[in-house]
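See structure below.
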Amino acid sequence: MWWFFLLVSFPNNPATWRLDVFVTHGRQTAVYAVDALRLEPVPWSGSESAFIEPFDFGTDRMELRALDGTLLFARGSSLVSTEWLLTGESEREFKTFHESFRFPELSDEADLVIKRRDARNQFVEKVRIRIRPEELNPAVPDPQLVHDLEINGKPQEKVDLLFLGDGYTVSEQDVFLADANRLMEALFQVEPFHTQRRSFNVRAICPPATQSGIARPSTGFYRNSPLGCSYDSFGSERYVLTMENRAWRDVAARAPYEYVIMLTNGETYGGGGMFSVFATAAAHNSFAEYLVIHEFGHHFAGLADEYYTSPVAYQPPEVVVEPWEVNATALLNPDQLKWREWVDQDTPIPTPWPKETFEAQSKDYGVRRAQIRQQKLPEHHMDALFLELQKQQTELLGQAEHAHQVGAFQGANYDANAFYRPQADCIMFTRNRVPFCRVCANTLNRVILWQAPKPH
Numbered sequence: 067m068w069w070f071f072l073l074v075s076f077p078n079n080p081a082t083w084r085l086d087v088f089v090t091h092g093r094q095t096a097v098y099a100v101d102a103l104r105l106e107p108v109p110w111s112g113s114e115s116a117f118i119e120p121f122d123f124g125t126d127r128m129e130l131r132a133l134d135g136t137l138l139f140a141r142g143s144s145l146v147s148t149e150w151l152l153t154g155e156s157e158r159e160f161k162t163f164h165e166s167f168r169f170p171e172l173s174d175e176a177d178l179v180i181k182r183r184d185a186r187n188q189f190v191e192k193v194r195i196r197i198r199p200e201e202l203n204p205a206v207p208d209p210q211l212v213h214d215l216e217i218n219g220k221p222q223e224k225v226d227l228l229f230l231g232d233g234y235t236v237s238e239q240d241v242f243l244a245d246a247n248r249l250m251e252a253l254f255q256v257e258p259f260h261t262q263r264r265s266f267n268v269r270a271i272c273p274p275a276t277q278s279g280i281a282r283p284s285t286g287f288y289r290n291s292p293l294g295c296s297y298d299s300f301g302s303e304r305y306v307l308t309m310e311n312r313a314w315r316d317v318a319a320r321a322p323y324e325y326v327i328m329l330t331n332g333e334t335y336g337g338g339g340m341f342s343v344f345a346t347a348a349a350h351n352s353f354a355e356y357l358v359i360h361e362f363g364h365h366f367a368g369l370a371d372e373y374y375t376s377p378v379a380y381q382p383p384e385v386v387v388e389p390w391e392v393n394a395t396a397l398l399n400p401d402q403l404k405w406r407e408w409v410d411q412d413t414p415i416p417t418p419w420p421k422e423t424f425e426a427q428s429k430d431y432g433v434r435r436a437q438i439r440q441q442k443l444p445e446h447h448m449d450a451l452f453l454e455l456q457k458q459q460t461e462l463l464g465q466a467e468h469a470h471q472v473g474a475f476q477g478a479n480y481d482a483n484a485f486y487r488p489q490a491d492c493i494m495f496t497r498n499r500v501p502f503c504r505v506c507a508n509t510l511n512r513v514i515l516w517q518a519p520k521p522h
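Position 389 (the sequence shown) corresponds to 455 in our numbering; numbering is contiguous.
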């Protein structure tokens with residue numbers, strides 16, 4: 067019966083539809099208003115076997131349901147608008163965001179259901195929107211040149227990754243292509259992406275900017291870049307996001323994609339990653355390779371930040387509950403540790419590590435980092451500080467008693483005490499030259515196999 071409904075609701079070789087929605091949050095309220103139902107110019111690129119996401123990832127969940135309630139399509143995500151709710155600003159003010167929900171073409175009416183996690187991390191329905199095929203609006207995005215960086219098969223059989231450039235002028239298009247190729251190679255040097263490289267198609271688009279670079283308001287540097295990327299998002303100087311959802315969606319619509327990495331034309335350290343929405347990275351920073359890999363971990367598999375010593379804009383939770391992210395735990399029941407299959411019997415839980423020394427190093431670094439920003443020193447001063455800390459912490463964590471074991475290491479998810487991470491070090495924890503931990507790597511591989519299940 068389930069397959070019958072899929073056949074009725076989704077035609078063969080479906081087009082890509084996109085519901086654009088305005089979301090207003092603030093002061094414990096939420097209002098959703100439809101902008102438009104749009105037809106994108108490129109057919110649906112996802113596999114028919116991947117219509118319903120099997121993971122419990124993301125702060126948000128979109129479901130398409132037939133009018134009798136049958137689930138037709140489902141995707142998790144972590145929306146920019148929902149992340150803003152974690153900031154103190156949302157308790158005082160209202161703010162409107164533009165969000166998009168993409169899905170395969172429908173042949174019949176259906177309901178699009180938007181859910182969001184509550185304080186207990188359970189999904190709660192927020193709004194139900196009727197999708198009517200006769201209300202479809204053809205999208206008319208500006209024509210953009212799509213560059214094929216690496217094509218390994220049909221879009222429907224591969225993971226389709228799209229690099230977008232922001233802040234590159236007409237004369238800097240070759241710079242963008244060089245950046246995209248360089249950072250693509252960096253991503254494919256890391257497991258599991260190295261082994262699974264042929265499961266990916268990679269393309270690139272760069273709408274020309276009138277001025278070079280992106281905005282950094284905290285220093286008085288402003289740009290009206292094509293994708294709208296900016297530093298200082300949610301009050302964090304290193305956090306790069308875009309609030310111009312419609313702008314970047316219309317650019318990306320020229321190519322098949324499930325995942326987007328926005329490369330920003332600048333050297334100041336910064337980036338961001340929203341699960342199943344987009345990732346950003348400063349392409350010319352000395353740690354650009356790390357930024358792309360780390361932020362893609364957020365974007366591709368909803369991996370949590372494992373660090374906890376750097377300042378963030380988020381308010382701590384009133385009640386500590388088990389995180390939905392696979393690589394962080396509150397350890398409320400050590401016997402039910404969610405990655406227990408990777409833990410050796412003789413590994414103690416919680417797992418000892420040189421936490422006090424690490425925190426002392428990080429505190430000193432934090433003071434010096436703030437001084438560099440306050441004094442507005444050139445970026446090479448920050449690069450030198452990062453390298454100094456990298457050397458210290460690589461040695462400290464690499465020589466720890468349980469350095470190469472999976473356990474439960476206290477300190478993760480922006481909290482020194484409430485949450486634990488799977489291994490002493492990981493790409494999601496430090497800027498050290500280390501791989502993803504076993505839990506993160508396994509999760510990334512599961513997401514790849516879900517979307518590109520055929521052997522390459």
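Glycine included, C-beta positions come from ideal geometry on N, C-alpha and C. Everything numeric in this text was worked out from a predicted model, so none of it was measured.
Ignore the nearest five residues each way along the sequence and tell me which others in arginine 504's own chain have a CB closer than 6 Å to its CB. Residue numbering aside, residue 504 sits at position 438 when the sequence shown is read from its first letter. These residues qualify, in order along the chain: Trp408 and Val472.
Which complete alpha helix (DSSP H) runs does the stretch 140 to 197 hold, if anything under 4 residues is left out? Listed in chain order, they are 146 to 150.
According to the neighbour-count rule (16 or more other Cβ atoms, all chains shown, within 10 Å of its Cβ), is phenylalanine 160 buried or exposed? Start at 1 with the first residue of the sequence shown, and residue 160 comes out as number 94. Flag for phenylalanine 160 reads exposed.
Three-state secondary structure (DSSP) at glutamine 277? Numbered from its first residue, the sequence shown carries residue 277 at position 211. Coil at glutamine 277, not helix or strand.
Extent of the continuous beta strand (DSSP E) run through glutamate 238: Locating residue 238 in the sequence shown gives position 172, where the first residue counts as 1. If you look at glutamate 238, you'll find it isn't in any beta strand (DSSP E); DSSP assigns it neither H nor E.
Can threonine 417 be considered in contact with the ligand SAM, in the sense that its beta carbon sits closer than 7 Å to one or more heavy atoms? Looking for the ligand SAM in the displayed structure turns up nothing, as the structure carries no ligands at all.
In the DSSP assignment, the alpha helix (DSSP H) including tyrosine 526 goes from what residue to what residue? Because the chain in this structure spans residues 67 to 522, residue 526 falls outside the shown range and cannot be described.
In this structure, does DSSP put glutamine 255 in helix, strand or coil? Here residue 255 refers to the residue found at position 189 when the sequence shown is read from its first residue. Three-state DSSP puts glutamine 255 in coil, outside helix and strand.
For the beta strand (DSSP E) that arginine 269 lies in, which residues bound it at each end? For the purposes of this step, residue 269 is taken as the residue at position 203 of the sequence shown. Counting along the chain, the beta strand (DSSP E) containing arginine 269 begins and ends at 266 to 271.
Can you check the stretch 330 to 415 for any alpha helix (DSSP H) of at least 4 residues that lies completely inside it and give the ranges in chain order? Fully enclosed alpha helix (DSSP H) runs of 4 or longer: 354 to 367.
Could you check whether the stretch 246 to 256 touches the stretch 351 to 366, counting it as contact only if at least three pairs of C-beta atoms, one from each stretch, sit closer than 8 Å? Yes, the stretch 246 to 256 is in contact with the stretch 351 to 366.
How big is the Cα-Cα spacing for serine 143 and phenylalanine 121? Taking the sequence shown and counting its residues from 1, the one referred to as residue 143 is at position 77. Taking the sequence shown and counting its residues from 1, the one referred to as residue 121 is at position 55. Approximately 11 Å between the Cα atoms of the pair.
4-residue-minimum alpha helix (DSSP H) runs that sit fully inside the stretch 282 to 310, ordered along the chain: Annotation note: the stretch 282 to 310 contains no uninterrupted alpha helix (DSSP H) run of length 4 or greater.
For arginine 304, count the other beta carbons within 10 Å of its own beta carbon; 16 or more makes it buried, fewer makes it exposed. Which is it? The residue labelled residue 304 in the question sits at position 238 within the sequence shown. Burial call: buried.
Option nearest histidine 213 by Cα separation, candidates Glu200, Leu137 and Gln239: The residue labelled residue 213 in the question sits at position 147 within the sequence shown. When only C-alpha atoms are compared, the closest one is Gln239.
Beta-carbon gap between threonine 375 and serine 428 smaller than 8 Å: Locating residue 375 in the sequence shown gives position 309, counting from the first residue. Locating residue 428 in the sequence shown gives position 362, counting from the first residue. Contact: yes.
Spatial distance of glutamate 155 from aspartate 412 (CA atoms): Within the sequence shown, residue 155 is the residue found at index 89, counting from 1. Within the sequence shown, residue 412 is the residue found at index 346, counting from 1. A straight-line Cα-Cα distance of about 46 Å links glutamate 155 and aspartate 412.
Using the C-alpha atoms, what's the distance from arginine 315 back to glycine 135? On the sequence shown, residue 135 is found 69 positions in, with the first residue counted as 1. On the sequence shown, residue 315 is found 249 positions in, with the first residue counted as 1. In a straight line, the C-alpha of glycine 135 is about 29 Å away from that of arginine 315.
Can you pull the DSSP bridge partners for glutamate 106? Here residue 106 refers to the residue found at position 40 when the sequence shown is read from its first residue. According to DSSP, which records beta bridges pairwise, glutamate 106 is partnered with Thr82.
With H, G and I counted as helix, E and B as strand and the rest as coil, what does DSSP make of glutamine 476? Sequence index remark: in the sequence shown, residue 476 carries index 410 (1-based). Three-state result, glutamine 476: strand.
How would you call arginine 269, buried or exposed, if buried means at least 16 neighbouring beta carbons within 10 angstroms? As a first step, residue 269 must be located in the sequence shown, where it is residue number 203. By the 10 Å Cβ count, arginine 269 comes out buried.
Per the DSSP calculation, glycine 92 is bridged to which residue(s)? Along the sequence shown, one-based indexing puts residue 92 at 26. Its beta-bridge partners are Thr95.
For isoleucine 327, three-class secondary structure by DSSP: The residue you call residue 327 lines up with position 261 of the sequence shown. Three-state DSSP puts isoleucine 327 in a strand.
Where the beta strand (DSSP E) through alanine 214 begins and ends: One-based indexing of the sequence shown puts residue 214 at position 148. Position check: residue 214 holds aspartate in this sequence, whereas alanine was assumed. From DSSP, the beta strand (DSSP E) with aspartate 214 extends over 213 to 216.
Compute the beta-carbon to beta-carbon distance between tryptophan 83 and leucine 172, rounded to the nearest angstrom, for a pair I have assumed lies under 8 Å. One-based indexing of the sequence shown puts residue 83 at position 17. One-based indexing of the sequence shown puts residue 172 at position 106. The Cβ separation is near 7 Å, so the contact holds.
Can you tell me which of His350, Val386 and Thr395 puts its alpha carbon nearest to the alpha carbon of aspartate 371? Counting from one through the sequence shown, the residue named residue 371 turns up at place 305. Checked all of His350, Val386 and Thr395; the closest Cα to aspartate 371 is Thr395.
With a cut-off of 8 Å on the beta carbons, I'd call valine 100 and isoleucine 195 a contact; round off their distance for me. Taking the sequence shown and counting its residues from 1, one reaches residue 100 at position 34. Taking the sequence shown and counting its residues from 1, one reaches residue 195 at position 129. Contact holds; Cβ gap of about 6 Å.
With distances taken between CB atoms, is the gap from leucine 455 to tyrosine 480 smaller than 8 Å? Counted from its first residue, the sequence shown places residue 455 at position 389. Counted from its first residue, the sequence shown places residue 480 at position 414. Against a cut-off of 8 Å, the Cβ pair of tyrosine 480 and leucine 455 comes out as no contact.
Return the CA-CA distance between aspartate 410 and glycine 368, expressed in angstroms with no decimal places. Residue 410 sits at position 344 when you count from the first residue of the sequence shown. Residue 368 sits at position 302 when you count from the first residue of the sequence shown. If I take the Cα positions, the gap works out to 26 Å.
Just checking my contact of asparagine 483 with glutamine 476 at CB under 8 Å: how many whole Å lie between their CB atoms? As a working mapping, residue 483 is identified with position 417 in the sequence shown. As a working mapping, residue 476 is identified with position 410 in the sequence shown. Separation of the CB atoms of asparagine 483 and glutamine 476 is rounded to 7 Å, and the pair is thereby assigned contact status at 8 Å.
In the structure shown, what three-state DSSP assignment does valine 505 receive? The sequence position of residue 505 within the sequence shown is 439, counting from 1. Three-state result, valine 505: helix.
Which of helix, strand or coil DSSP assigns to aspartate 232: Counting from 1 along the sequence shown, the entry for residue 232 is found at position 166. Looking at aspartate 232 - three-state DSSP - the assignment turns out to be strand.
Let me confirm a value: lysine 520 is counted as buried when at least 16 other C-beta atoms fall within 10 Å, else exposed. Which label applies? In the sequence shown, residue 520 corresponds to position 454, counting from 1. The residue is exposed, with fewer than 16 neighbouring Cβ atoms inside 10 Å.
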